[in-house]
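Data first, discussion second: the structure below is written as structure tokens.
Protein chains: 2
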Amino acid sequence: MFAERGIKATTVRQIGASVGILSGSLYHHFGSKFDLVDAILADFCETTMASYSEIVAADDDTITKLRRMTGYAFSLIGDNPAAVLMIQNEGSMLSQQSRFQYLNTTERKVETMWIDVVRTGVKEGRIRPDVDPRIFYRIVRDSVAGSIRWYKPTPNHKIDAIAEEVITILLNGILVPGKK
Amino acid sequence: MFAERGIKATTVRQIGASVGILSGSLYHHFGSKFDLVDAILADFCETTMASYSEIVAADDDTITKLRRMTGYAFSLIGDNPAAVLMIQNEGSMLSQQSRFQYLNTTERKVETMWIDVVRTGVKEGRIRPDVDPRIFYRIVRDSVAGSIRWYKPTPNHKIDAIAEEVITILLNGILVPGKK
DNA sequence: GTCTATAAACTGATAGAC
DNA sequence: GTCTATCAGTTTATAGAC
Chain U
113 MFAERGIKAT TVRQIGASVG ILSGSLYHHF GSKFDLVDAI LADFCETTMA
163 SYSEIVAADD DTITKLRRMT GYAFSLIGDN PAAVLMIQNE GSMLSQQSRF
213 QYLNTTERKV ETMWIDVVRT GVKEGRIRPD VDPRIFYRIV RDSVAGSIRW
263 YKPTPNHKID AIAEEVITIL LNGILVPGKK
Chain G
113 MFAERGIKAT TVRQIGASVG ILSGSLYHHF GSKFDLVDAI LADFCETTMA
163 SYSEIVAADD DTITKLRRMT GYAFSLIGDN PAAVLMIQNE GSMLSQQSRF
213 QYLNTTERKV ETMWIDVVRT GVKEGRIRPD VDPRIFYRIV RDSVAGSIRW
263 YKPTPNHKID AIAEEVITIL LNGILVPGKK
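In the order they appear, the protein sequences are chains U and G. Per our numbering, the very first residue in the first sequence carries number 113; after that it's consecutive. Per our numbering, the very first residue in the second sequence carries number 113; after that it's consecutive.
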């Protein structure tokens, strides 16, 4: 509900009604509306960070790592779309509050991991040195974030396939080589 | 203010204060809060559609058209960041109301224009036929939309340069050719 | 065209009965 | 653990003086 309507626009009465109790009863379980937001986002940030760390630490080829990181990023859309949407839509407002500082911390650490992998690829001579690692990371991140607005999961159209199409375009481009 | 805090979270008192009048006086100029939203978005959609149509109709090379369309899309971030953010954050909520149906119409028409240009490029043998035009469009669109969250305009770092870096990655990829 | 004043509804949160 | 009942504050919007 926070993701669909926004945090401010979602009332505690609506939240209570969605689980079949009244607004007053909610306060037996949570101290405030923002405690609910915190419970959703803190867990999401923790597992996201842990999963990325695991992929980066693995003994894989650099390009394979980029593929796996892209695949994981897209899998978040399927596994926790609400948290992704909340951070995307209201992250900048939330991260101004001290209790949500971990949003900034997580974003910074994830960005650093992506950029480090791209830089390694450049050193290995596999990635063109004129590619800006930050721009590359942002294209991936924003493509993932944007996919939440149009991706509808079906058995025939899995999120893995979309991740594969996106990383293929980013690795190889769309142009037919050698033509001018 | 709608873009920064969200439409629901922005009060008519805050809007009035920002232009030096009280909330009551605002209703001499606008019938409701959503009339203000409408005034911002309707104008934005109209000029965006017109500009894209002009680029597509021009007598340019297909790849040049893609470059110009990407450049124009990024220029919207600099010219009207508020409207872009409002549509990005609350577009799906707004477009459920009948008065904001033009948001859906505009989005559909813009997407069709992008896809048509990519398909032309495939027919001309310049773009690989295995590229999904929809996925390509969405990568561009979401990269543009996402840039609004990190791009800070400075004389040294113009939005045109970012547009050029993004389209270069999408056209050519990041890999060094021929390596395996 | 802006003001004062206020209506009418809604908001997050609390206290205490059951 | 949920309820009733309600507080105190805020919200959009209106009516009428200036």
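We put the beta carbon where it would ideally sit given N, CA and C, even for glycine.
Query, Result
"For U:Thr266, name the three-state secondary structure that DSSP assigns.", "strand"
"Closest to G:Arg117 by CA distance: which of G:Gly190, G:Ala194, G:Ala154 is it?", "G:Ala194"
"Cβ of G:Phe226 less than 8 angstroms from any chain U Cβ?", "The amino acid at residue 226 of chain G is misidentified as Phe; the sequence shows Trp. Not one chain U Cβ lies under 8 angstroms of G:Trp226."
"Evaluate contact between the region 117-136 of chain G and the region 118-127 of chain U, counting only Cβ atoms and requiring at least three cross-stretch pairs below 8 angstroms.", "yes"
"Determine the chain U residues that contact G:Cys289 at a beta-carbon separation under 8 angstroms, and present them in chain order.", "According to the sequence as given, residue 289 of chain G is Pro; it is not Cys. Pro289, listed in chain order."
"Between U:Leu134 and U:Ser144, what straight-line distance do the alpha-carbon atoms span, to the nearest angstrom?", "14 angstroms"
"Assign G:Thr217 to one of two classes, buried (16 or more other C-beta atoms within 10 Å of its C-beta) or exposed (fewer than that).", "exposed"
"Whose CA, out of U:His140, U:Ile286, U:Arg246, U:Asp150, lies closest to the CA of U:Ser210?", "U:Asp150"
"Rounding to the nearest angstrom, what Cα-Cα distance links U:Val278 and G:Ser187 in this structure?", "24 angstroms"
"What residues of chain U sit near G:Phe248, judged by a beta carbon separation below 7 angstroms?", "Ile281, Ile286"
"Under a Cβ-count criterion, where at least 16 other Cβ atoms within 10 Å of its own Cβ denotes burial, should G:Lys264 be classed as buried or exposed?", "exposed"
"The alpha helix (DSSP H) that contains G:Tyr184, what's its start and end?", "174-191"
"Is the region 212-226 of chain U in contact with the region 244-254 of chain U, if contact means three or more CB pairs nearer than 8 angstroms?", "yes"
"Do three or more CB pairs link the region 284-291 of chain U to the region 268-285 of chain G at distances below 8 angstroms?", "yes"
"Sort G:Ile189, G:Tyr164, G:Asp191, G:Gly190 by Cα distance to G:Arg180 and report the nearest one.", "G:Tyr164"
"Which of the three DSSP states, helix, strand or coil, is assigned to U:Ile239?", "strand"
"Under 8 angstroms by Cβ, that's how I've got U:Gly233 and U:Ile239 pegged, so tell me the actual separation to the nearest angstrom.", "4 angstroms"
"Taking a cut of 7 angstroms between CB atoms, which residues from the region 168-201 of chain U lie near chain G?", "Asn201"
"Cβ closer than 8 angstroms: which chain G residues qualify as neighbours of U:Ile274?", "Ile247"
"Just the C-alpha distance for G:Leu197 and G:Ile260, rounded to the nearest angstrom, thanks.", "7 angstroms"
"Is G:Val243 close to chain U? Criterion is C-beta to C-beta, closer than 8 angstroms.", "yes"
"Using a Cβ cut-off of 8 angstroms (strictly closer), state whether U:Lys120 contacts chain G.", "yes"
"Along chain U, in chain order, which residues have C-beta atoms closer than 7 angstroms to that of G:Ala257?", "Asp254, Gly258"
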